[in-house]
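Peer 1: Residue numbers (the numbering used here): 17 to 295. All residues carry an ideal CB built from backbone N, CA and C; glycine is no exception. My structure is below; once you've seen it, I'll send some questions.
Below, the structure is given as C-alpha cells:
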C-alpha cells in the first residue's frame, strides 16, 4: 500500500474555528491545533495533505498551518451536507489512491514513541487494507462517536475484523450488534478520528450521495458497506484521543499535551499548588 496522501475534514460549521485554537505542544512551543494535526499526518508518511473547508476559509487555514501552509491542497464543501459528503469533496485529490484521514477537532497522545496516526498507517501498510483506529469507550458517550463491531484477528490483541459499523448508536443498539468479546462490560469500540481508507470508500460515498433522499451524508454507512465488500480492520491504538469540540475539551487536551511534554514537572507542580490553594 503506497500511502502518501492525507485528507483532513474541517468544514463543519460548528467546529470550523477549533483547528485555529492555540495550544502549547509537547515541545513547549505554541502552535495552532491544525499544526499539531498536520504533524501527526506527516509522522504517518503523508507527503500531500488536503483540507476540506467551508467556503472562504482557505486563506485562514493556510495561515494557521504555519510552515506547512504553502504545500496544502484545499477542497471546498459549499453546503453543510454531512461528514461523509465533506470527505467526498476530496475525491479528486485522492485520485484512486489509499489515503490517511483525520478529523480536525481531535488531538492525540500516543503511549510510546510511535504516534497514533503512524500506528494506523503501519497497520494498513502491513495488512494491505483499510484500517480504522478505535478505542474502547464507555457507552455513556456513544452519542458522540461512530462505533464498530467485529472479532479479534488471530494472535492479535489490538486488531479486529470489522463486521458492523453504526453511527452514534444507542446503548441498546450497541449491545445488540456491536458487542466485542473481551471488552469490559459497557465498553464498545468507537472511532478514534483516524482512518486509512482504500479509494473504494469514495465510490461508496458517491453512490450513497446519489441515492440519498434527503439529509446529511454520514461516513459510517459507507464504512459499513466497505466492510461487506472488502477487508476492513479496526486497530485499538496505543494512545488517547482528545475531542477539543466538547465542554472542557481544549482544557483537557492542553493538560494532556503538557503532561506528555517538556514542561511536565512544571505543570504538575502548578496543579499541586492549585489543589493546595483550594484546600
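1) Have a look at the DSSP bridge pairing and note the partners of residue 38.
2) Using three-state DSSP, classify residue 217 as helix, strand or coil.
3) So, at 6 Å on beta carbons, what are the nonlocal neighbours of residue 152 in its own chain, with the 5 sequence-adjacent residues on each side left out?
4) Less than 8 Å between the CB atoms is what I'm expecting for residue 273 and residue 23, so what's the real figure, rounded?
5) Assign residue 293 to buried or exposed, taking buried as 16 or more other Cβ atoms, counted over all protein chains shown, within 10 Å of its Cβ.
6) Quick check: the region 268 to 288 against the region 25 to 41, are at least 3 beta-carbon pairs closer than 8 Å?
7) Any idea which residues DSSP pairs residue 153 with across the strands?
8) For the alpha helix (DSSP H) containing residue 275, list its first residue and its last residue.
9) Under 8 Å between the Cβ atoms of residue 103 and residue 88?
10) Give the range of the alpha helix (DSSP H) segment to which residue 100 is assigned.
11) With distances taken Cα to Cα, identify the nearest neighbour of residue 209 among 19, 57 and 46.
12) By DSSP, does residue 188 sit in helix, in strand, or in coil?
13) Round the Cβ separation of residue 81 and residue 260 to the nearest angstrom and send it over; I've been treating them as touching at under 8 Å.
14) Starting from residue 241, follow the alpha helix (DSSP H) in both directions and report where the run begins and ends.
15) From residue 59 to residue 35, what distance separates their C-alpha atoms?
16) According to DSSP, is residue 93 part of a helix, a strand, or is it coil?
17) On a Cα-Cα basis, can you pick out the residue from 264, 284, 243 and 218 that is closest to residue 109?
18) Going by beta-carbon coordinates alone, are residue 182 and residue 196 separated by less than 8 Å?
19) DSSP puts residue 119 in a beta bridge; with which residues?
20) I think residue 54 touches residue 269, with their Cβ atoms under 8 Å apart; what is that distance to the nearest whole Å?
21) First and last residue of the beta strand (DSSP E) that includes residue 251?
22) In terms of alpha-carbon separation, which member of 127, 168 and 159 lies closest to residue 188?
23) Starting from residue 296, trace the alpha helix (DSSP H) both ways and give me its first and last residue.
24) Can you tell me whether residue 116 is buried or exposed, with buried defined as 16 or more other CB within 10 angstroms of its CB?
25) Note down, in chain order, each residue of its chain lying with its Cβ closer than 7 Å to the Cβ of residue 215, except the 5 sequence neighbours on either side.
26) If residue 186 sits next to residue 165, beta carbons under 8 Å apart, how far is it from one beta carbon to the other, in whole angstroms?
27) Taking the Cβ atom as the reference point for each residue, do residue 234 and residue 98 lie within a distance shorter than 8 Å?
28) For residue 87, does the three-state DSSP call read helix, strand or coil?
29) Applying the criterion that 16 or more other CB atoms from any shown protein chain within 10 Å of the CB defines a buried residue, is residue 121 buried or exposed?
30) In angstroms with no decimal places, state the Cα-to-Cα distance between residue 106 and residue 231.
Peer 2: Let me spell this out:
1) As a working mapping, residue 38 is identified with position 22 in the chain shown. Paired residues: 48.
2) Taking the first residue of the chain shown as position 1, residue 217 is located at position 201. Three-state DSSP puts residue 217 in a helix.
3) Taking the first residue of the chain shown as position 1, residue 152 is located at position 136. Excluding residues within five positions, the ones whose Cβ falls inside 6 Å are 199 and 203.
4) The residue you call residue 273 lines up with position 257 of the chain shown. The residue you call residue 23 lines up with position 7 of the chain shown. Contact between residue 273 and residue 23 is ruled out by a C-beta separation of about 24 Å, above the 8 Å threshold.
5) By 1-based counting over the chain shown, the position of residue 293 is 277. By the 10 Å Cβ count, residue 293 comes out exposed.
6) yes
7) Position 137 of the chain shown holds residue 153. Its beta-bridge partners are 204.
8) Along the chain shown, read from residue 1 onward, the residue named residue 275 stands at position 259. Note, residue 275: alpha helix (DSSP H), 265 to 275.
9) As a position in the chain shown, residue 103 is number 87, starting the count at 1. As a position in the chain shown, residue 88 is number 72, starting the count at 1. No. Outside cutoff.
10) In the chain shown, residue 100 corresponds to position 84, counting from 1. In this chain, the alpha helix (DSSP H) harbouring residue 100 covers 99 to 104.
11) In the chain shown, residue 209 corresponds to position 193, counting from 1. The option with the nearest alpha carbon to residue 209 is 57.
12) The sequence position of residue 188 within the chain shown is 172, counting from 1. Residue 188 falls in the helix class under three-state DSSP.
13) In the chain shown, residue 81 corresponds to position 65, counting from 1. In the chain shown, residue 260 corresponds to position 244, counting from 1. Actually they are not in contact, since the Cβ atoms of residue 81 and residue 260 sit about 17 Å apart, beyond 8 Å.
14) Position 225 of the chain shown, counted from the start, is the residue given in the question as residue 241. Per DSSP, residue 241 belongs to the alpha helix (DSSP H) from 236 to 245.
15) Residue 59 sits at position 43 when you count from the first residue of the chain shown. Residue 35 sits at position 19 when you count from the first residue of the chain shown. In this structure, the CA atom of residue 59 is about 18 Å from the CA atom of residue 35.
16) Position 77 of the chain shown, counting from 1, holds the residue named residue 93. Reduced to three states, the DSSP call for residue 93 is coil.
17) For the purposes of this step, residue 109 is taken as the residue at position 93 of the chain shown. Comparing Cα-Cα distances from residue 109 to each of 264, 284, 243 and 218, the minimum goes to 218.
18) Taking the first residue of the chain shown as 1, we reach residue 182 at position 166. Taking the first residue of the chain shown as 1, we reach residue 196 at position 180. Result no, Cβ atoms of residue 182 and residue 196 do not sit closer than 8 Å.
19) The residue labelled residue 119 in the question sits at position 103 within the chain shown. DSSP lists 25 as partners of residue 119.
20) Here residue 54 is taken as the residue at index 38 of the chain shown, counted from 1. Here residue 269 is taken as the residue at index 253 of the chain shown, counted from 1. Incorrect: roughly 16 Å between the Cβ atoms, too far for contact.
21) In the chain shown, the residue the question calls residue 251 occupies position 235. Counting along the chain, the beta strand (DSSP E) containing residue 251 begins and ends at 248 to 252.
22) In the chain shown, counting from the first residue as 1, residue 188 sits at position 172. Answer by Cα proximity: 159.
23) Past the edges of the chain, shown from 17 to 295, lies residue 296, and the structure says nothing about it.
24) The residue labelled residue 116 in the question sits at position 100 within the chain shown. Buried, by the Cβ-count rule.
25) Position 199 of the chain shown, counted from the first residue, corresponds to residue 215. When the five nearest sequence neighbours on each side are left out, the beta carbons in the same chain lying within less than 7 Å of the beta carbon of residue 215 are those of 110, 112, 113 and 114, in order along the chain.
26) Taking the chain shown and counting its residues from 1, one reaches residue 186 at position 170. Taking the chain shown and counting its residues from 1, one reaches residue 165 at position 149. Not a contact, Cβ separation roughly 14 Å.
27) Against the chain shown, residue 234 aligns to sequence position 218. Against the chain shown, residue 98 aligns to sequence position 82. Cβ distance < 8 Å, so residue 234 and residue 98 count as in contact.
28) For the purposes of this step, residue 87 is taken as residue 71 along the chain shown, with counting starting at 1. Secondary structure of residue 87 (DSSP, three-state): helix.
29) Here residue 121 corresponds to residue number 105 of the chain shown, with the count starting at 1. Burial call: buried.
30) Numbered from 1 along the chain shown, position 90 holds the residue referred to as residue 106. Numbered from 1 along the chain shown, position 215 holds the residue referred to as residue 231. Whole-angstrom Cα-Cα distance: 20 Å.
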